[in-house]
Amino acid sequence: MDDSVSDEGDGAEDVDLDSIEADLDRATDLEAAEAIEVLREAKGDLEAVRGDPAVDTGRREELENRLDQRIREIDERDAYDGGLGASMNPEDDEAP
């Protein structure tokens, strides 16, 4: 029997809240589509450690909230920017 195998091999230890937080910070410097991708991946990492007793639940929940908020901000910014073109260049819509 091999005693070197432990229950830690589920991949949860590979997910580190510090690296997730770094991804959250890094996403602020990315274009919207790439930022959303990084943030959704980080959110998936957080969900993967949801039941891990070694993970600080309060910090994990805080990061989840920040990730959700950042994703909403980007979605709202994109929606706003979509309508911004006409308001920035009203003469384009009123061509003679």
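Under the working numbering, think of the first position of the sequence shown as 25, with each following residue one higher. Note that beta-carbon positions come from the ideal geometry of N, C-alpha and C, so glycine has one too. Please read all numbers here as calculations on a predicted model, not as lab measurements.
Cα separation between residue i and residue j?
| i | j | result |
| --- | --- | --- |
| A78 | L87 | 16 Å |
| R83 | I60 | 21 Å |
| R64 | L91 | 8 Å |
| E97 | E55 | 13 Å |
| T121 | R94 | The structure shown does not extend to residue 121, since the chain is modelled only from 25 to 120, so the question has no answer here. |
| D53 | R74 | 27 Å |
| D99 | L41 | 24 Å |
| R101 | N89 | 18 Å |
Are residue i and residue j touching if we call contact CB-CB under 8 Å?
| i | j | result |
| --- | --- | --- |
| V62 | A51 | yes |
| I130 | D69 | Residue numbering for the chain in the displayed model covers 25 to 120; residue 130 lies beyond these limits and cannot be assessed. |
| D49 | A66 | no |
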